[in-house]
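Asker:
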Amino acid sequence: MIQRIQTIYLLVAVVLSVVCLCMQIGTFTEGGAAVYSEYNLWVTGPTGVRQFVTWPLFAVLLLSAAIGLYAIFRYANRLLQARFCMFAMLLVVGWYILYVVYGGVLKPGDGSAEFAPTWAGACPLVASVLYFLARRAIMADERLVRAADRIR
Numbered sequence: 001m002i003q004r005i006q007t008i009y010l011l012v013a014v015v016l017s018v019v020c021l022c023m024q025i026g027t028f029t030e031g032g033a034a035v036y037s038e039y040n041l042w043v044t045g046p047t048g049v050r051q052f053v054t055w056p057l058f059a060v061l062l063l064s065a066a067i068g069l070y071a072i073f074r075y076a077n078r079l080l081q082a083r084f085c086m087f088a089m090l091l092v093v094g095w096y097i098l099y100v101v102y103g104g105v106l107k108p109g110d111g112s113a114e115f116a117p118t119w120a121g122a123c124p125l126v127a128s129v130l131y132f133l134a135r136r137a138i139m140a141d142e143r144l145v146r147a148a149d150r151i152r
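In terms of the numbering used here, the sequence shown is residues 1 to 152.
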């Protein structure tokens with residue numbers, strides 16, 4: 001059952017999460033010049049020093065990707081697979097809450113820097129939509145199986 005459409009959704013969601021883990025997710029600018037670069041695991045300062053203050057972003061998104069990958073191989077138990085999709089979506093929502101906190105509230109330096117998100121910051125949003133589509137397809141399969149069992 002690996003060839004089901006929800007497997008494709010889950011695989012693309014995991015790939016997008018891993019891409020976001022590896023890319024820069026934001027830039028802090030002061031006076032039009034980029035001062036700090038924010039990644040999921042660290043913030044790089046103007047001198048090139050890495051500060052590992054954003055590690056919770058990395059942990060939450062890595063857990064979401066791991067759950068999505070695990071859900072791919074739980075195709076025999078559709079209800080559990082659907083729960084994993086829901087949990088991964090909730091983790092992505094939690095990632096965005098942390099993203100706003102680290103980008104908008106906890107500014108590095110003296111706090112006058114402006115935060116500008118990058119395109120990689122939108123990858124978890126697309127992954128969340130794909131988790132939702134996968135869950136919907138999983139539940140449709142479950143309804144189909146239950147209807148076939150009633151006919152027997």
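Cβ atoms here follow ideal geometry from the backbone N, Cα and C, with glycine treated the same way.
In whole angstroms, give me the CA-to-CA distance for proline 117 and isoleucine 5.
Answerer: Counting from one through the sequence shown, the residue named residue 117 turns up at place 117. Counting from one through the sequence shown, the residue named residue 5 turns up at place 5. Cα to Cα, the separation comes out at about 31 Å.
Asker: Cα-Cα, which of Glu142, Ala66, Ala148, Asp149 is closest to leucine 21?
Answerer: Indexing the sequence shown from 1 puts residue 21 at position 21. Closest by alpha carbon: Ala66.
Asker: Would you list the residues sitting across from glutamine 51 in a DSSP beta bridge?
Answerer: Residue 51 sits at position 51 when you count from the first residue of the sequence shown. In the DSSP output, where bridge partners are listed per residue, glutamine 51 has Val43.
Asker: Which residue comes first and which comes last in the beta strand (DSSP E) that contains alanine 116?
Answerer: Taking the sequence shown and counting its residues from 1, one reaches residue 116 at position 116. Counting along the chain, the beta strand (DSSP E) containing alanine 116 begins and ends at 114-117.
Asker: Could you work out which residue in Thr27, Gly48, Trp95 is closest to phenylalanine 58 when comparing CA atoms only?
Answerer: In the sequence shown, residue 58 corresponds to position 58, counting from 1. Closest option to phenylalanine 58, Cα to Cα, is Trp95.
Asker: In three-state DSSP terms, what is tyrosine 36?
Answerer: For the purposes of this step, residue 36 is identified with residue 36 of the sequence shown, where counting begins at 1. DSSP places tyrosine 36 in strand when its eight states are reduced to three.
Asker: For phenylalanine 28, which beta-bridge partners are listed by DSSP?
Answerer: Reading the sequence shown from its first residue, position 28 is the one you call residue 28. Per DSSP, Tyr36, Phe115.
Asker: Take glutamate 155 and list the residues in its own chain whose beta-carbon comes closer than 6 Å to its own, dropping the five residues that flank it on each side.
Answerer: Given that the chain is displayed from residue 1 to residue 152, the structure contains no residue 155 and the question cannot be resolved.
Asker: Exposed or buried, what is asparagine 77 when buried is set at 16 or more other beta-carbons lying within 10 Å of its beta-carbon?
Answerer: Your numbering for residue 77 matches position 77 in the sequence shown. That one is exposed.
Asker: At which residues does the alpha helix (DSSP H) containing valine 101 begin and terminate?
Answerer: Start at 1 with the first residue of the sequence shown, and residue 101 comes out as number 101. That residue, valine 101, is in no alpha helix (DSSP H); it is neither H nor E in DSSP.
Asker: Please list the terminal residues of the continuous alpha helix (DSSP H) segment that includes tyrosine 9.
Answerer: By 1-based counting over the sequence shown, the position of residue 9 is 9. From DSSP, the alpha helix (DSSP H) with tyrosine 9 extends over 5-22.
Asker: Mind checking which residues open and close the alpha helix (DSSP H) that includes alanine 76?
Answerer: Taking the sequence shown and counting its residues from 1, the one referred to as residue 76 is at position 76. Segment: none, alanine 76 is in no alpha helix (DSSP H) and carries neither H nor E.
Asker: With hydrogens ignored, establish whether the beta-carbon of aspartate 141 is closer than 6 Å to any heavy atom of the ligand SAH.
Answerer: Absence of the ligand SAH is noted for the structure shown, with no ligands found whatsoever.
Asker: Straight-line CA distance for leucine 69 to glycine 31?
Answerer: As a position in the sequence shown, residue 69 is number 69, starting the count at 1. As a position in the sequence shown, residue 31 is number 31, starting the count at 1. Cα to Cα, the separation comes out at about 42 Å.
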